[in-house]
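Only one structure is covered here, and it is reproduced in the block below.
Chains as they are written, first to last, in my numbering: chain A, 1 to 114; chain B, 1001 to 1112.
This is the structure in structure tokens:
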């Protein structure tokens, strides 16, 4: 069965370190997304991609970057981790066309920045 | 900027009760609306998706309606069960067609 996976599932790091969270989908979806979920804020969009070599900033992109070198993967990098980036991170994917664009979510990565 | 509100924030009901969860959004120019379920410590499971041209969708005991002009959606759960206990999130797809804006969710507890 097609799926979307994230790794690691849990990560503890220190302030200032670079961290990369992996996201891999086997649906061959063009669109991939990264969200963070925080109490009181719900899920907020960090970055998204509509295809290989395409990346776009979302609502809360400062301090994060993504790259899309193939269809299946969209790694999220925290350039210099900050305590404010402690959160649960979700990756999602969807297929075109726009008018029926159901998004499917991965299991999440819980990141703690000390 | 699209804003999505869910009421109530938390709900506790006895098993067997029918219940309604509410979702409202400020910008009616949406492509679709999606309802999700999230169990504690888990990811999001898509329950129902309603396209902008549709009025409702049904899956088993779940029925979701959409009134785009008034910016409202409801999720109706019939004959609730303890296994329905979870947080329910609604999200609307707007602004370029691929970006979801989420509400903060309704935490549902169904008691025996």
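The C-beta atom is built at its ideal place from N, Cα and C for all residues, glycine as well. The model shown is predicted, which means the values in this text are computed figures rather than measured ones.
CA-CA distance, residue i and residue j?
{"i": "residue 20 of chain A", "j": "residue 80 of chain A", "result": "11 Å"}
{"i": "residue 58 of chain A", "j": "residue 25 of chain A", "result": "20 Å"}
{"i": "residue 1102 of chain B", "j": "residue 1087 of chain B", "result": "13 Å"}
{"i": "residue 54 of chain A", "j": "residue 1093 of chain B", "result": "20 Å"}
{"i": "residue 1111 of chain B", "j": "residue 1084 of chain B", "result": "10 Å"}
{"i": "residue 1018 of chain B", "j": "residue 1063 of chain B", "result": "11 Å"}
{"i": "residue 38 of chain A", "j": "residue 85 of chain A", "result": "10 Å"}
{"i": "residue 1080 of chain B", "j": "residue 1065 of chain B", "result": "18 Å"}
{"i": "residue 42 of chain A", "j": "residue 1026 of chain B", "result": "16 Å"}
{"i": "residue 22 of chain A", "j": "residue 103 of chain A", "result": "18 Å"}
{"i": "residue 1013 of chain B", "j": "residue 1108 of chain B", "result": "8 Å"}
{"i": "residue 1015 of chain B", "j": "residue 1082 of chain B", "result": "6 Å"}
Which residues in chain B sit within 7 Å of residue i, going by Cβ to Cβ distance?
{"i": "residue 102 of chain A", "result": "1034, 1046 and 1049"}
{"i": "residue 106 of chain A", "result": "1043"}
{"i": "residue 42 of chain A", "result": "1102, 1103, 1104 and 1105"}
{"i": "residue 78 of chain A", "result": "The premise fails here: residue 78 of chain A is roughly 20 Å from chain B at the closest Cβ pair, so nothing lies under 7 Å."}
{"i": "residue 111 of chain A", "result": "Chain B residues near residue 111 of chain A: none, gap ~14 Å exceeds 7 Å."}
Using a Cβ-Cβ cut-off of 6 Å (strictly less than) and excluding sequence neighbours within five positions of residue i, which residues of its own chain qualify?
{"i": "residue 110 of chain A", "result": "10 and 88"}
{"i": "residue 1022 of chain B", "result": "1007 and 1074"}
With DSSP as the reference, identify every bridge partner of residue i, one or two as the case may be.
{"i": "residue 89 of chain A", "result": "A:36 and A:109"}
{"i": "residue 1109 of chain B", "result": "B:1012"}
{"i": "residue 51 of chain A", "result": "A:54"}
{"i": "residue 1076 of chain B", "result": "B:1020 and B:1063"}
{"i": "residue 69 of chain A", "result": "DSSP lists no partner for residue 69 of chain A."}
For residue i, collect the residues of the same chain with a Cβ closer than 7 Å to its Cβ; drop the 5 residues on either side in sequence, then sort them by chain order.
{"i": "residue 1005 of chain B", "result": "1024 and 1103"}
{"i": "residue 1078 of chain B", "result": "1018 and 1061"}
{"i": "residue 61 of chain A", "result": "46 and 47"}
{"i": "residue 1046 of chain B", "result": "1034 and 1036"}
How would you list, in chain order, the residues of chain A whose beta-carbon sits under 7 Å from the beta-carbon of residue i?
{"i": "residue 1093 of chain B", "result": "101"}
Go through its chain and collect everything with a Cβ distance to residue i's Cβ below 8 Å, but skip five positions before and after it.
{"i": "residue 1032 of chain B", "result": "1049, 1050, 1051, 1052, 1092 and 1093"}
{"i": "residue 72 of chain A", "result": "24, 25, 26 and 28"}
Subject >> Residues, ordered as in the chain, of the region 6-34 of chain A that lie near chain B by beta-carbon distance below 9 Å >> reply: 6, 31 and 33
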